[in-house]
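Undergrad:
In this note's numbering, the protein residues as written are 304 to 1015.
(1) Here's the rule: buried if 16 or more other CB atoms are within 10 angstroms of the residue's CB, otherwise exposed. What is residue 626?
(2) Near residue 385, which residues of its chain fall below 8 Å by C-beta distance, leaving aside the five closest residues on each side in sequence?
(3) For a test of the three-state rule: what should DSSP assign to residue 663, helix, strand or coil?
(4) Would you mind sorting residue 990 into buried or exposed? The rule is 16 or more other CB atoms within 10 Å of its CB.
(5) Roughly how many angstroms lie between the CA atoms of residue 863 and residue 878, to the nearest whole one?
(6) Out of curiosity, what's the CA-to-CA distance linking residue 404 and residue 441?
(7) Rounded to a whole number of angstroms, what is the C-alpha to C-alpha distance between residue 650 and residue 672?
(8) Do residue 670 and residue 690 come within 7 Å of each other at the CB atom, strictly closer than that value?
(9) Can you say whether residue 410 is buried or exposed, counting buried as having 16 or more other CB atoms within 10 angstroms of its CB?
(10) Does the ligand NAD have a heavy atom nearer than 6 Å to the CB of residue 374?
(11) Where does the unbroken beta strand (DSSP E) through residue 339 begin, and where does it stop?
(12) Are there 16 or more other CB atoms within 10 angstroms of the CB of residue 369, so buried, or fewer, so exposed?
(13) Going by C-alpha to C-alpha distance, which of 692, 511 and 497 sits closest to residue 503?
(14) Considering only the alpha carbon of each residue, which of 955, 548 and 766 lies closest to residue 924?
(15) How is residue 903 classed by DSSP in three states: helix, strand or coil?
(16) What residues are listed by DSSP as bridge partners for residue 356?
(17) Within this structure, are the beta carbons of residue 748 and residue 759 separated by less than 7 Å?
(18) Just list the residues that DSSP pairs residue 922 with in beta bridges.
(19) Determine the DSSP secondary structure at residue 859, reduced to helix, strand or coil.
(20) Just to confirm my understanding: we take residue 636, look at its own chain, exclude 5 residues before and 5 after, and list those with CB closer than 8 Å. What are they?
(21) Which stretch, first to last residue, makes up the alpha helix (DSSP H) that contains residue 685?
(22) Identify the residues that DSSP records as bridge partners of residue 494: which are they?
(23) Tell me whether residue 1020 sits in a helix, a strand or coil according to DSSP, three-state version.
(24) Return the residue from the list 443, 406 and 414 that minimises the CA-CA distance to residue 361.
(25) Suppose you measure from the CA of residue 417 to the CA of residue 745; what does that come to, to the nearest Å?
(26) Which whole-angstrom value is the C-beta distance of residue 620 and residue 607, which I expect to be below 8 Å?
(27) Can you tell me the Cβ-Cβ gap for residue 535 and residue 549, rounded? I've got them flagged as a contact below 8 Å.
(28) Throw me the rounded Cβ distance for the residue 821 and residue 810 pair, which I believe falls under 8 Å.
(29) Figure out for me which residue from 801, 943, 461 and 784 has the closest Cα to the Cα of residue 447.
(30) Between residue 604 and residue 591, what straight-line distance do the alpha-carbon atoms span, to the nearest angstrom?
(31) Among 849, 424 and 696, which residue has its Cα nearest to the Cα of residue 835?
(32) Just mark residue 784 as buried or exposed, buried being the case when its beta carbon has 16 or more other beta carbons within 10 Å.
(33) Tell whether a beta-carbon distance below 7 Å holds between residue 957 and residue 935.
(34) Using the rule of at least 16 other Cβ atoms within 10 Å of the residue's Cβ for burial, across every protein chain shown, is residue 342 buried or exposed?
(35) Please report how far the alpha carbon of residue 856 lies from the alpha carbon of residue 871, in whole angstroms.
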């Protein structure tokens, strides 16, 4: 991670942060992300939809050669000046052989030659300048930006910065602590290559070969201990070839070989003998002789036989050039060994060691004496980040592009949001959009400022699509029509296309492989002959000629036919099979559509809607909606046992089981039927008598104004 503090350029401020990784070797394409924010000196962010960023990676030496150069177009209109660039995904600027891929540009595994025109002028010369990176070389980076919508016509350049590796990226330069130069690797002319995987047997054999103990190969030099070893075989090999040689371990032990005639030959045995004429004592030896049995002895070194060194002393040994001990003594061990408690570390104060625990405050930055961790803890929206400028680990806000965010949020953790075009309750995953147009498929739609379809039609004419150009209708068979001079006649291949030659006044038609003359100005020319083509008979070179189609089938009526390459029907079927009928949507079925539920196989007992009723709902009377009236709705109050009808402006009670509703209007003729608890409030001009419908006997008659009956 490297960071660039907010820096002012012209009238803009830029903050840069990037995650860098420098790893030489055979890694797959690497990614380096640069994030930052661009804002004016007044604090307003750049918000152009086509801001340009150009990133260059340079060599760290004084030549400053450009190794990598890419330009990116970034939309800042919705990001408040924030940008995120993935190097390697941009548009490469037009440069000759001076640029490399991101992997090669940051790799320290091979030399990188660069065209001199892409290096600092101080490098001098022309042609190619070679850059040979060291194992620990970093790189330089330059970032430029330009926002045409802000009036910027040239790039602003951010000062050059170092691309330093993060802590573990430095470790990634090695394998288990070993640098790349210490690792067995495959390379072809400096380019990393690929080799088969070594298994345990291969590694063991490789070690044996390097150690000179391989049984599969014979050393070309004599060994000082064992000599050059031949392969050992008891008897003869099972399938020797000419030139094979081996040591026969059976019998007396002989060296054998297989000659060019296919015969096994014996060179000798392992029991040969010879004569020693003399033995001379060399340096440090005594004895020897020229006859009989001779003896060689080591000379005295002058060191008394003893044990040197103990738990409190160390031995001091001196040897001569032959490795013989010439002096030996013991020296006491001085000082006190440090000791510590379990789980603690030995810590030095400069003169002595003591056992202590390592605290977080003991970890310091390599720059000055500041704490390595600049903050005691980070927020939930922050992560630890190493700042290469201060060599400190700090808290940094987590910024991720949308493409890096995936997963599922539990429904119970979702917040409630209302007031807009999309509403949802807390802990719910269901989103509700308002209905603005009937669901269907439209060819022409009207959208509002929020991109929602508010109306839709399906035009069937050009005018329906708003096309007013005067056009000639194409009845079929003419995909294109073009006019021009004969020299612009295009290549054939689009059957049916027409071409009008404006200089030769000739009309041509594309037959798929060439152009036929359909007509020309003037008298035209005479046909010299007609030849019957594929599938035709007849023709001639004079007079009126006739062409006939050859018979390829039997005349009849067929439901499914087979055609040849000329489009002629060669076979037919008298009936269709179920497999011949494709899956069709309802729009293509002209008849036979069911018009009832039973027609679709639905047997549920349902009440038919004769019209006017759009919905039924139930609940407590207090929960009945008080807004959004729509005529045709019915609501059943489960507590008051009432049914109300929405007339488009208010709810009107039509049934009330707890006491009924007051009757208003007039009655004429016989009033029949059971009224239940309904009370007649007034009969004629008599208001004193409230007559319960259930208390009147059939055909009963009393005086008007009584409480018992109504005169019929």
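Even for Gly, the Cβ is constructed at its ideal location relative to N, Cα and C.
TA: Quick look at the numbers:
(1) Residue mapping note: residue 626 aligns to position 323 of the chain shown, counting from 1. The residue is exposed, with fewer than 16 neighbouring Cβ atoms inside 10 Å.
(2) Numbered from its first residue, the chain shown carries residue 385 at position 82. Excluding sequence neighbours, residue 385 sits near 338, 339, 340, 348, 379 and 702.
(3) The sequence position of residue 663 within the chain shown is 360, counting from 1. Note: residue 663 maps to helix in three-state DSSP.
(4) For this step, residue 990 is matched to residue 687 along the chain shown. Since pLDDT at residue 990 reaches only 47, below the 50 mark, its modelled position is unreliable, and no value is offered.
(5) By one-based count along the chain shown, residue 863 stands at place 560. By one-based count along the chain shown, residue 878 stands at place 575. Between the alpha carbons of residue 863 and residue 878 lies a gap of roughly 7 Å.
(6) The residue given as residue 404 occupies position 101 in the chain shown. The residue given as residue 441 occupies position 138 in the chain shown. If you take the alpha carbons of residue 404 and residue 441, they lie about 16 Å apart.
(7) Working through the chain shown from its first residue, we reach residue 650 at position 347. Working through the chain shown from its first residue, we reach residue 672 at position 369. Spanning the two alpha carbons is a distance of roughly 18 Å.
(8) Counting from 1 along the chain shown, the entry for residue 690 is found at position 387. Counting from 1 along the chain shown, the entry for residue 670 is found at position 367. For the 7 Å CB-CB criterion, residue 690 and residue 670 do not form a contact.
(9) In the chain shown, residue 410 corresponds to position 107, counting from 1. Answer is buried; the Cβ neighbour count reaches 16.
(10) Judged by which ligands are present, the structure shown has none, so any question about the ligand NAD falls away.
(11) Locating residue 339 in the chain shown gives position 36, counting from the first residue. 335-343 is the extent of the beta strand (DSSP E) around residue 339.
(12) Here residue 369 refers to the residue found at position 66 when the chain shown is read from its first residue. Flag for residue 369 reads buried.
(13) The count along the chain shown starts at 1 and reaches residue 503 at position 200. Selected option, being the one with the closest Cα: 511.
(14) As a working mapping, residue 924 is identified with position 621 in the chain shown. For the set 955, 548 and 766, the Cα lying nearest the Cα of residue 924 is the one of 955.
(15) Along the chain shown, one-based indexing puts residue 903 at 600. Here residue 903 carries a helix assignment [DSSP, helix/strand/coil].
(16) Locating residue 356 in the chain shown gives position 53, where the first residue counts as 1. Beta-bridge pairing links residue 356 to 375 and 448.
(17) Position 445 of the chain shown holds residue 748. Position 456 of the chain shown holds residue 759. Taking 7 Å as the Cβ cut-off, residue 748 and residue 759 qualify as a contacting pair.
(18) Taking the first residue of the chain shown as 1, we reach residue 922 at position 619. Answer is 940.
(19) Along the chain shown, read from residue 1 onward, the residue named residue 859 stands at position 556. Residue 859 falls in the coil class under three-state DSSP.
(20) Stepping through the chain shown from its first residue, residue 636 is reached at position 333. Result list for residue 636: 615, 616 and 617, in chain order.
(21) On the chain shown, position 382 is the one that residue 685 refers to. Judged by DSSP secondary structure, residue 685 falls outside any alpha helix (DSSP H) and instead within the beta strand (DSSP E) spanning 685-690.
(22) Residue numbering aside, residue 494 sits at position 191 when the chain shown is read from its first letter. Residue 494 is bridged by DSSP to 491.
(23) Not covered by the structure: residue 1020. The range shown for the chain is 304 to 1015.
(24) Your numbering for residue 361 matches position 58 in the chain shown. With distances taken between Cα atoms, residue 361 lies closest to 443.
(25) Numbered from 1 along the chain shown, position 114 holds the residue referred to as residue 417. Numbered from 1 along the chain shown, position 442 holds the residue referred to as residue 745. Roughly 58 Å separates the two Cα atoms.
(26) On the chain shown, residue 620 is found 317 positions in, with the first residue counted as 1. On the chain shown, residue 607 is found 304 positions in, with the first residue counted as 1. By a beta-carbon distance limit of 8 Å, residue 620 does not contact residue 607. Their separation comes to about 13 Å.
(27) Within the chain shown, the letter at position 232 stands for residue 535. Within the chain shown, the letter at position 246 stands for residue 549. Contact holds; Cβ gap of about 7 Å.
(28) Taking the first residue of the chain shown as 1, we reach residue 821 at position 518. Taking the first residue of the chain shown as 1, we reach residue 810 at position 507. Between the beta-carbon of residue 821 and that of residue 810 there is about 4 Å, and that keeps the pair under the 8 Å contact cut.
(29) In the chain shown, residue 447 corresponds to position 144, counting from 1. Among 801, 943, 461 and 784, the Cα nearest to that of residue 447 is on 461.
(30) In the chain shown, residue 604 corresponds to position 301, counting from 1. In the chain shown, residue 591 corresponds to position 288, counting from 1. Cα atoms of residue 604 and residue 591: separation of roughly 19 Å, rounded to the nearest angstrom.
(31) Taking the first residue of the chain shown as position 1, residue 835 is located at position 532. Of the candidates 849, 424 and 696, the one whose C-alpha sits nearest the C-alpha of residue 835 is 849.
(32) Residue numbering aside, residue 784 sits at position 481 when the chain shown is read from its first letter. By the neighbour-count definition (other C-beta atoms within 10 Å, threshold 16), residue 784 is an exposed residue.
(33) As a first step, residue 957 is located in the chain shown; it is residue number 654 there, counting from the start. As a first step, residue 935 is located in the chain shown; it is residue number 632 there, counting from the start. Taking 7 Å as the Cβ cut-off, residue 957 and residue 935 do not qualify as a contacting pair.
(34) Looking up residue 342 in the chain shown gives position 39. Residue 342 is buried by the Cβ-count criterion.
(35) On the chain shown, residue 856 is found 553 positions in, with the first residue counted as 1. On the chain shown, residue 871 is found 568 positions in, with the first residue counted as 1. Between the C-alpha atoms of residue 856 and residue 871 there is a straight-line separation of about 9 Å.
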